[in-house]
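Q:
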Amino acid sequence: MIIKKIKKNWYHFIGILIFLYIIFYKIDVFEIGKVIRHVDLKLIILGILLSFIMFLIQAWRWNYLKKIQNINYSFKDSFLIYGSGIYFGTITPGRLGDLIKILYLKEAGHSTGKSAVSVIADRLADLLFLLAIGYLSMLFFAKFFIKEIIIITIIALLVTIATIILKSNLLKNAINRLFSYIIPEKYKKLLTLNIRDMTNDFKAYRFKNYLTLFTVTTIAWFLYYLQMFLLAKSINLGDITFTYLAMSVTIAAIVTLLPISVYGLGTRDATLLFLFSLIGINPEKTITLSILILLVSLFYALIGLICWLKKPLKAKSEI
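Every number in our numbering is 61 more than the matching position in the sequence shown, counting from 1.
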């Protein structure tokens, strides 16, 4: 059974293999020990505390989005459900487990379409912010990311064109025709209702709501970058600037979205090693920072696990 599972998810181990290669062939493990012995624990603790503040802000953001749809939960329940989503998102490739929040809302009697709106909006806020900053970061490192910049630019243009077409209902009609061919008849009515619920609830969001969403998302990400800066300073990473560090960890975060590792192990390390080597940062300190980022991620997941234990999903359901 275990062997079959490993064979099925073999690509998740690529990151682990990359990490082992780095540990055995690219760095001096004993030097990492020296770096760790001289860390500033006060800065690390402060960085970890920022995780909880970020958690509160993100949970508030999701609760805000739900209230616009007239889905009313106490902040405590929203925090626990959001935390459960964070936990399952951390242990699944591409953070897909975060969609478990939809099941929580369905359990309360909301349709799949209505339940998905706030979850999708919440995820898109982070993803679009990450991609936007990532795009700017790749422009900074343009000579190393020419292909990626071209691909992302083309995709952005296609999305813009698709949005314009969608407003004229051409794309919408094409999608409806596609669904009519590929969706079994017995599911068409349910799917149509869910799409209608989703569309109607997205229309409930106004410009001021998106502005609030953008502001809160920006604050949360600024705290994340500040957290990374504190971790870098705790190991005396050097004269790296806040901006350079922010751009580097953003690109690393995008790379870790690839479903080829667990907790970004290996992929994050390799990305940071490359980017930090451009400004002459010690590889052992780079890997130490990457390990600290991993530990902070595990702490984030631990908060999520506690939330799941406090408010587990009562019944099995399908999205």
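Ideal Cβ positions, reconstructed from N, Cα and C, are used throughout, including at glycine. Quantities reported herein were computed from a predicted structural model and do not represent experimental measurements.
Quick check: the Cα distance between Ser322 and Leu188, rounded to an integer number of angstroms?
A: Counting from one through the sequence shown, the residue named residue 322 turns up at place 261. Counting from one through the sequence shown, the residue named residue 188 turns up at place 127. When rounded, the distance between both Cα atoms is 19 Å.
Q: Thinking just about the alpha-carbon of each residue, which of Phe263, Ile105, Leu117 is nearest to the one in Lys175?
A: By 1-based counting over the sequence shown, the position of residue 175 is 114. Out of Phe263, Ile105, Leu117, Phe263 has the C-alpha closest to the C-alpha of Lys175.
Q: Could you name the residues of the same chain whose beta carbon sits closer than 6 Å to that of Gly76, not counting the 5 residues immediately before and after it, in chain order?
A: In the sequence shown, counting from the first residue as 1, residue 76 sits at position 15. Contacts found: Ile321, Ser322, Leu326, Gly327, Thr328.
Q: Which value, in whole angstroms, describes the spacing of the CA atoms of Tyr248 and Ser172?
A: For this step, residue 248 is matched to residue 187 along the sequence shown. For this step, residue 172 is matched to residue 111 along the sequence shown. Low confidence applies to Tyr248: its pLDDT is 47, below 50, so where it sits in the model is not reliable, and the reading given next is rough at best. One C-alpha to the other measures close to 14 Å.
Q: Identify every run of the alpha helix (DSSP H) within the stretch 295-321, keeping only runs that are complete inside it and at least 4 residues long; order them along the chain.
A: 303-316
Q: Assess contact between the stretch 137-152 and the stretch 195-215, defined as three or more Cβ pairs (one per stretch) separated by less than 8 Å. Is contact present?
A: no
Q: Count the other C-beta atoms from every protein chain shown that fall within 10 angstroms of the C-beta of Tyr285, then say buried if there are 16 or more, exposed otherwise.
A: Looking up residue 285 in the sequence shown gives position 224. Buried is the call here.
Q: Leaving out five residues before and five after Arg122 in sequence, what residues of the same chain have Cβ atoms less than 6 Å from its Cβ?
A: Within the sequence shown, the letter at position 61 stands for residue 122. Contacts found: Val277.
Q: Going by beta-carbon coordinates alone, are Ile83 and Ile348 separated by less than 8 Å?
A: Counted from its first residue, the sequence shown places residue 83 at position 22. Counted from its first residue, the sequence shown places residue 348 at position 287. Yes, the pair counts as a contact, with Cβ atoms nearer than the cut-off.
Q: Mind checking which residues open and close the alpha helix (DSSP H) that includes Ile84?
A: On the sequence shown, residue 84 is found 23 positions in, with the first residue counted as 1. Where Ile84 is concerned, there is no enclosing alpha helix (DSSP H), given that its DSSP letter is neither H nor E.
Q: Among the candidates Gly146, Leu164, Asp89, whose CA atom is the shortest distance from the CA of Ile364?
A: Translated into the one-based positions of the sequence shown, residue 364 becomes position 303. When only C-alpha atoms are compared, the closest one is Gly146.
Q: Would you mind giving the Cβ-Cβ distance between Arg136 and Asn124, rounded to the nearest angstrom? I have them listed as a contact below 8 Å.
A: As a first step, residue 136 must be located in the sequence shown, where it is residue number 75. As a first step, residue 124 must be located in the sequence shown, where it is residue number 63. Before going on, a small fix: residue 136 reads as Phe here, not Arg. Indeed, because the Cβ distance is near 6 Å, the residues count as touching under 8 Å.
Q: Rounded to whole angstroms, how far is the Cβ of Gln119 from the Cβ of Val178, which I believe are closer than 8 Å?
A: The residue labelled residue 119 in the question sits at position 58 within the sequence shown. The residue labelled residue 178 in the question sits at position 117 within the sequence shown. Actually they are not in contact, since the Cβ atoms of Gln119 and Val178 sit about 17 Å apart, beyond 8 Å.
Q: Please report the distance separating the alpha-carbon of Phe303 from that of Ile105.
A: Here residue 303 refers to the residue found at position 242 when the sequence shown is read from its first residue. Here residue 105 refers to the residue found at position 44 when the sequence shown is read from its first residue. Each residue's alpha carbon lies about 17 Å from the other.
Q: What residue range does the alpha helix (DSSP H) around Arg184 cover?
A: The count along the sequence shown starts at 1 and reaches residue 184 at position 123. Element bounds for Arg184: 173-201.
Q: Looking at the structure shown, is Lys167 part of a helix, part of a strand, or coil, going by DSSP?
A: Sequence index remark: in the sequence shown, residue 167 carries index 106 (1-based). DSSP places Lys167 in the helix class (H, G or I) of the three-state scheme.
Q: Taking only three categories from DSSP, how would you classify Tyr148?
A: As a working mapping, residue 148 is identified with position 87 in the sequence shown. Tyr148 carries a helical assignment under DSSP once its states are collapsed to helix, strand and coil.
Q: I need the DSSP call for Lys372, collapsed to helix, strand or coil.
A: Working through the sequence shown from its first residue, we reach residue 372 at position 311. Looking at Lys372 - three-state DSSP - the assignment turns out to be coil, as it is neither helix nor strand.
Q: Pick from Ala182, Ile212, Leu78, Lys294: whose alpha carbon is nearest that of Ile354?
A: Locating residue 354 in the sequence shown gives position 293, where the first residue counts as 1. The option with the nearest alpha carbon to Ile354 is Lys294.
Q: Please report the straight-line C-alpha distance between Leu81 and Ile352, rounded to a whole angstrom.
A: Numbered from 1 along the sequence shown, position 20 holds the residue referred to as residue 81. Numbered from 1 along the sequence shown, position 291 holds the residue referred to as residue 352. C-alpha separation (whole angstroms): 13 Å.
Q: What is the rounded straight-line gap between the Cα of Leu370 and the Cα of Gly108?
A: Along the sequence shown, read from residue 1 onward, the residue named residue 370 stands at position 309. Along the sequence shown, read from residue 1 onward, the residue named residue 108 stands at position 47. Near 25 Å, if we compare the C-alpha coordinates of Gly108 and Leu370.
Q: Mapping DSSP to helix, strand and coil, what is Ile348?
A: If you number the sequence shown from 1, residue 348 lands on position 287. Helix.
Q: Please state the DSSP three-state secondary structure of Tyr266.
A: Within the sequence shown, numbered from 1, the residue matching residue 266 stands at position 205. Note: Tyr266 maps to coil in three-state DSSP.
Q: If contacts are defined as beta-carbon pairs under 8 Å, then Ile194 and Thr311 qualify, I think. What distance do you get, rounded to the angstrom?
A: Along the sequence shown, one-based indexing puts residue 194 at 133. Along the sequence shown, one-based indexing puts residue 311 at 250. Contact holds; Cβ gap of about 5 Å.
Q: Which whole-angstrom value is the C-beta distance of Ile79 and Glu345, which I expect to be below 8 Å?
A: Within the sequence shown, the letter at position 18 stands for residue 79. Within the sequence shown, the letter at position 284 stands for residue 345. Wrong, their Cβ atoms sit about 17 Å apart, outside the cutoff.
Q: Leaving out the 5 sequence neighbours to the left and right, which residues in its chain are closer than 7 Å to Ala331 when beta-carbon positions are compared?
A: Indexing the sequence shown from 1 puts residue 331 at position 270. Same-chain partners within the cutoff: Ile79, Ile83.
Q: Tell me which residues share the same chain as Leu374 and place their Cβ nearer than 8 Å to its Cβ, disregarding the 5 neighbours each side in the sequence.
A: Position 313 of the sequence shown holds residue 374. Listed in chain order, the non-local C-beta contacts of Leu374 below 8 Å within the same chain comprise Ser145, Ile161, Leu164, Tyr165, Glu168, local neighbours out to five positions each way being set aside.
Q: Check whether the Cβ atoms of Ile382 and Leu298 lie closer than 8 Å to each other.
A: Given a span of 62 to 380 for the chain in the structure shown, any question on residue 382 remains unanswerable.
Q: Identify which residue in Ala307, Leu192, Met199 has its Cα closest to the Cα of Ala217.
A: The sequence position of residue 217 within the sequence shown is 156, counting from 1. Closest option to Ala217, Cα to Cα, is Leu192.
Q: In the DSSP assignment, find the unbroken alpha helix (DSSP H) run with Val90 in it and report its ends.
A: For the purposes of this step, residue 90 is taken as residue 29 along the sequence shown, with counting starting at 1. Note, Val90: alpha helix (DSSP H), 90-98.
Q: On a CA-only basis, which of Ala182, Leu336, Arg267 is nearest Met199? Give me that one, please.
A: If you number the sequence shown from 1, residue 199 lands on position 138. That would be Leu336, whose Cα lies nearest to the Cα of Met199.
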